[in-house]
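Have a look at the structure below before the remarks.
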Amino acid sequence: MFEDLTGKFSDAFKVLRGNGRITKSHIQDCLLEVRTALLEADVHFDVVKEFLLKVKEKALGVKVLKGVDPQQQFIKICQDQLTVLMGSKHEGLELQRKDLLPILLVGLNGQGKTTFAGKLALYLKNKKKKNILLVPADTIRPAAKDQLKILASQVGVECFDSDLSKTPQEIVETSVAYAKTTQKNIILIDTAGRLQVDAKLMEEIKEVQVNLRKYRPEVLLVTDAMTGQESVNIARSFHEALGLTGIILSKMDSDARGGAALSIRYTTGLPIKYLSVGEKMDDLELFHPDRLAGRILDMGDIVSLVEKAEDRIDKQDSESMMQSIKRGEFSIDDLMKQMEMMSRLGSLKSLVKMLPGMQKMGDLGSSEKNIVKMKVIICSMTKKEKKDYRLVDKSRISRISKGSGTTENDVKNFLSQFKKLKQTLPSMMNMFKGKSTPNFNSPLIHKEKKRKKNKGPYGGGHFFN
Ligand code: GDP
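Quick note on numbering: this note's numbering labels position 267 of the sequence shown as 347, and the sequence is numbered without any gaps.
Rendered as structure tokens:
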């Protein structure tokens, strides 16, 4: 997410590094670079102007605090201003209703509307305990109904059997009556898209919207974050025609440059409510302006990372693993479980990006490859071997390597690294207990680093390096 912009912000801040005092000219030099970075990220010109003005005003007015690095103080000003530009705080859906809540999802074709319908249904069902009805109302692209039906069954909610020979307005009318008889709280309506904004499309949605007026429907535009300022224009057109209540930015996991996320709120006044961050049904994030500002400035987003972990990692599983580490019984089976838990959180690359200062970390592809290699080696081991790796002798190494399609050296390296990990885990656990951040200057870490240099009984390796 926004790697390019993050890199350029970080380059711009270098101008300030090592200066005990930030002068007007330092700020001007830095802001010149920030300006280029924002414009290259396709941020709207007015937004860039406003941002630079506010940051300059604040930076020149601020007193440098004793003991605080001026560069850090400046970054904080930038973070606050980016947060304000994106809306200051998270604005969710208004869910406290006695009556039915219709949510109309609108947008152009291919922007991720139908996918988001499935994600939102899952979120509202699990997190908000709502009874949802998904309603296909795209009468132009009949395949959209099948797509929505599949997503509905994946996320375990009901999909209305719309009669696509009727008008969207008629479909929605019958779905509302059905939702009422089946005690649904929310109907999520997937409307038709077009290749570009056109008057007929707006009329069609408007008719549906007017009919639902007494329910005060949410009208959410789903727009692709990769299209930058184009999505700002699309949002404006939809807002003018329909009066939107919020924006969803989709495909935030791809090469989005930041233009849409940073410009939409300021130019349309509309809140971004959710971010769609992948093709899987749980790839949905609530939009928190402060957290995104933190990610853009490479300050990480630990809060979202912890929330993700809480959502996707079974507490019991992780507690039983802690217990086996404490008892010194951590086995290869446990390691496999650990790796599966991690993969539930997302790719290594996406996780690392949520840690402060890690955006520019080099290629993680080789680490991902090593994880895959470890998994195939483990899959070729017997139950007994996984429980006690010491059983693996020369002939077993040869069998495992043949079975997994890896070399004998790969298997030896894996075993050697597992042995080291098993020895280190209890002390690591003690070290991190009660601390929010690990102390990388700890003598224990240095001891472990030294140990890594020495080759283990199975030869040196780099699976966990
Ligand atoms: P619609 O025409 O607006 O309903 O768009 P779809 O929901 O059918 O999505 C179009 C394509 O984008 C599909 O291939 C989706 O899998 C993909 N897609 C949707 N949302 C995301 C997302 O957040 N990230 C990524 N990478 N792909 C997405």
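Just so it is clear, CB atoms sit at the ideal spot from N, CA and C, and this is done for glycine as well.
Residue range of the beta strand (DSSP E) that includes residue i
{"i": "residue 326", "result": "326-330"}
{"i": "residue 353", "result": "352-356"}
{"i": "residue 305", "result": "Element bounds for residue 305: n/a, residue is neither H nor E."}
{"i": "residue 216", "result": "212-217"}
{"i": "residue 182", "result": "181-186"}
{"i": "residue 96", "result": "Run containing residue 96: none; DSSP gives neither H nor E here."}
{"i": "residue 102", "result": "Neither: residue 102 is in no beta strand (DSSP E) and is coded neither H nor E."}
{"i": "residue 175", "result": "Residue 175 -> no beta strand (DSSP E), and no H or E assigned at all."}
{"i": "residue 268", "result": "266-271"}
{"i": "residue 364", "result": "364-366"}
Environment of residue i [buried if 16+ CB atoms lie within 10 Å]
{"i": "residue 303", "result": "buried"}
{"i": "residue 407", "result": "exposed"}
{"i": "residue 265", "result": "buried"}
{"i": "residue 402", "result": "exposed"}
{"i": "residue 172", "result": "exposed"}
{"i": "residue 223", "result": "exposed"}
{"i": "residue 206", "result": "exposed"}
{"i": "residue 452", "result": "exposed"}
{"i": "residue 520", "result": "With a pLDDT of 35 at residue 520, under the threshold of 50, the modelled position of this residue cannot be trusted; read the value that follows with caution. Answer is exposed; the Cβ neighbour count stays below 16."}
{"i": "residue 290", "result": "exposed"}
{"i": "residue 495", "result": "buried"}
{"i": "residue 197", "result": "buried"}
{"i": "residue 324", "result": "buried"}
{"i": "residue 374", "result": "buried"}
{"i": "residue 225", "result": "buried"}
{"i": "residue 105", "result": "exposed"}
{"i": "residue 262", "result": "exposed"}
{"i": "residue 337", "result": "buried"}
{"i": "residue 140", "result": "exposed"}
{"i": "residue 255", "result": "buried"}
{"i": "residue 512", "result": "In this predicted model, residue 512 has a pLDDT of only 46, less than 50, meaning its place in the structure is not dependable; the value taken from the coordinates is given anyway. By the neighbour-count rule (16 or more Cβ atoms within 10 Å), residue 512 is not buried but exposed."}
{"i": "residue 208", "result": "exposed"}
{"i": "residue 92", "result": "buried"}
{"i": "residue 484", "result": "buried"}
{"i": "residue 167", "result": "buried"}
{"i": "residue 174", "result": "exposed"}
{"i": "residue 492", "result": "buried"}
{"i": "residue 526", "result": "Note that residue 526 scores 42 on pLDDT, short of 50, meaning its location in the model is unreliable; the coordinates nonetheless yield the value given after this. Its Cβ having fewer than 16 others within 10 Å, residue 526 is exposed."}
Start-to-end residues for the alpha helix (DSSP H) that takes in residue i
{"i": "residue 248", "result": "248-261"}
{"i": "residue 347", "result": "339-348"}
{"i": "residue 46", "result": "Missing from the structure shown is residue 46; the chain here goes from 81 to 545 and no further."}
{"i": "residue 235", "result": "223-235"}
{"i": "residue 372", "result": "369-376"}
{"i": "residue 281", "result": "279-291"}
Beta-carbon spacing of residue i, residue j below 8 Å
{"i": "residue 298", "j": "residue 249", "result": "no"}
{"i": "residue 269", "j": "residue 150", "result": "no"}
{"i": "residue 188", "j": "residue 273", "result": "yes"}
{"i": "residue 362", "j": "residue 356", "result": "no"}
{"i": "residue 333", "j": "residue 358", "result": "yes"}
{"i": "residue 271", "j": "residue 231", "result": "no"}
{"i": "residue 360", "j": "residue 328", "result": "no"}
{"i": "residue 124", "j": "residue 312", "result": "yes"}
{"i": "residue 192", "j": "residue 343", "result": "no"}
{"i": "residue 107", "j": "residue 136", "result": "yes"}
{"i": "residue 216", "j": "residue 245", "result": "no"}
{"i": "residue 131", "j": "residue 176", "result": "no"}
{"i": "residue 404", "j": "residue 397", "result": "no"}
{"i": "residue 458", "j": "residue 421", "result": "no"}
{"i": "residue 154", "j": "residue 376", "result": "no"}
{"i": "residue 301", "j": "residue 252", "result": "no"}
{"i": "residue 214", "j": "residue 346", "result": "no"}
{"i": "residue 372", "j": "residue 315", "result": "no"}
Interface flag, residue i vs chain B, CB-CB below 8 Å
{"i": "residue 188", "result": "Protein chains in the displayed structure number just one, and chain B is not present."}
Near the ligand ATP: residue i beta-carbon under 7 Å from a heavy atom
{"i": "residue 226", "result": "The ligand content of the structure shown is limited to the ligand GDP, which means the ligand ATP is not among them."}
Unbroken stretches of the beta strand (DSSP E), 3 residues or longer, contained in the stretch 113-153: Restricting attention to beta strand (DSSP E) runs no shorter than 3 residues, the stretch 113-153 encloses none.
Ordered list of alpha helix (DSSP H) runs contained in the stretch 451-476, each at least 4 residues: 463-467
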